[in-house]
Amino acid sequence: MTERQNLLNLNQSSLNDFFNQLGEKPYRTKQLMKWIYKDHVFDFDQMLNLSKKLRETLKEIACIEFPTVVSKNHALDGVIKWVIDMGADNNVETVYIPEKDRGTLCISSQVGCSLACTFCSTGYQGFNRNLSTGEIIAQVLIANLALKPSGKRISNVVFMGMGEPMLNEEAVYSACDLLLDDLSFGLSRRKVTISSSGVVPALERMSQRVPVSLAISLHAPTDELRDELVPINKKYPISELMSACDIYLNAGTQERHILFEYVMLKGVNDSQQHAEQLAKLLKGVSAKVNLIPFNPFPQSHYQVSSASTIEKFQNTLFSRGIRTMTRRARGEDVDAACGQLAGKVKDKTKRTHARRN
Ligand code: SAH
Ligand code: SF4
187 MTERQNLLNL NQSSLNDFFN QLGEKPYRTK QLMKWIYKDH VFDFDQMLNL
237 SKKLRETLKE IACIEFPTVV SKNHALDGVI KWVIDMGADN NVETVYIPEK
287 DRGTLCISSQ VGCSLACTFC STGYQGFNRN LSTGEIIAQV LIANLALKPS
337 GKRISNVVFM GMGEPMLNEE AVYSACDLLL DDLSFGLSRR KVTISSSGVV
387 PALERMSQRV PVSLAISLHA PTDELRDELV PINKKYPISE LMSACDIYLN
437 AGTQERHILF EYVMLKGVND SQQHAEQLAK LLKGVSAKVN LIPFNPFPQS
487 HYQVSSASTI EKFQNTLFSR GIRTMTRRAR GEDVDAACGQ LAGKVKDKTK
537 RTHARRN
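Written out as structure tokens, the structure reads:
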């Protein structure tokens, strides 16, 4: 028997194709998406507006399948972290961050990450595989279902969990389609953010393919330093990255800006000179800078910059006309802060081994 199609993998246009192949009309897509994404009904037998024959066919050839939740931890500040089993000894992590006026869900796009940024716990884990659209979307559904009884809701989704979304383009794009689609999650394009460390050719495609917000993990203002912190910079240096940013900013009809993320590492990238170099690099770019105090993890050898250094860095950027904010660490007591997500990754790259030597 061929494998059943998990319908969580399909965006609206793929679902139309799916029903078309079954000789069904496109309105079936609307009915099915309402059951899944609005009514949270995942059993075909309960989808009574589908014909009996169609329900029987769907049971044979399709499924609506979720990965298993291994654990759900609540931090003191309201942050919730789910560890989700993606099979074959691989776990990923999903984090809900409540704020006064919104609730952000931070989702994973890969099991581990192959890019090995030196300050990132996921980078230390190595890489196993890409997540499918269904596995990405399931994270949002799992969180939605868990939050529903308390009346809390997800207003923003950010691809800032484990993995580099721009190395898993197709699955991430289809997941974005579903996040934006009124028939499923219906989030506005400003409230869905892809965060990337700078996979330049993918960023150029992304600008045309999905109209979501973009965050770039910059972390250093010069190639010399960025080569060290974000190794993919050796392949796509800052000048190429900034050209890709330009393409993004000029795509689409609505005004866009880019969030530049900058992790604050004591004595590494946090001097006044670095702040001035960064201001120069971003001059004239429609940008916001997000300073992220470094979150430590067991293998890390960096330290976080002091509060006064971060403030000084921020003031230098302000004085050069760059909009800047400092991200507050959340969920630290359950290891849910940026860069602390480690999951459980069966490393296929042997990086963990190489790093030990
Ligand atoms: N791979 C993507 C998205 C996941 S990382 C990317 O790199 O953008 C999400 C954000 O957390 C990135 O800006 C990343 O650089 C940052 N981050 C990683 N490790 C961190 C750490 N230890 N402390 C603070 N931020 C970290
Ligand atoms: Fe991968 Fe992003 Fe971590 Fe770098 S910061 S290793 S790109 S998850």
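In terms of this note's numbering, the sequence shown has 347 at position 161, counting the first letter as 1, and numbering is strictly consecutive. Just so it is clear, CB atoms sit at the ideal spot from N, CA and C, and this is done for glycine as well. In this text, all values refer to a predicted model and were calculated from it rather than measured experimentally.
- Judged by their CB atoms, Y434 and S374 are not nearer to each other than the 8 angstroms cut-off.
- Remark: the shortest separation between the CB of L301 and any heavy atom of ligand 2 falls under 7 angstroms.
- Distance check between P423 and each of Q440, N436, A437, H405 places H405 closest, using alpha-carbon atoms only.
- The DSSP-derived three-state label of F313 is strand.
- Between S318 and A357, the C-beta spacing is below 8 angstroms.
- For V416, the secondary structure class from DSSP, reduced to helix, strand or coil, is coil.
- DSSP, read as helix, strand or coil, puts D271 in strand.
- Remark: the C-beta of F313 is outside contact range of ligand 1, defined as less than 7 angstroms to any heavy atom.
- Counting the other CB atoms within 10 Å of its CB gives S399 a total of 16 or more, which places it among the buried residues.
- Within the DSSP secondary-structure output, E447 pairs in a beta bridge with S403, N476.
- Among the bridge pairs identified by DSSP, Q296 is matched with N316.
- Annotation for S393: the continuous alpha helix (DSSP H) segment containing it runs 386-395.
- In the displayed model, T495 falls within a helix according to three-state DSSP.
- Within the model, the alpha-carbon separation for Q232 versus G347 is close to 34 angstroms.
- For L389, the CB contacts under 7 angstroms within the same chain, skipping 5 residues up- and downstream, are M352, S382, A430, Y434 in chain order.
- Between Y223 and F345, the CB-CB gap reaches or exceeds 8 angstroms.
- Beta-bridge annotation (DSSP): A437 is not paired with any residue.
- With fewer than 16 neighbouring CB atoms inside 10 Å of its own CB, A493 falls in the exposed class.
- Counted as a single uninterrupted DSSP element, the beta strand (DSSP E) harbouring F345 occupies residues 342-345.
- Annotation for T243: no beta strand (DSSP E) segment contains it, though the alpha helix (DSSP H) segment containing it runs 238-247.
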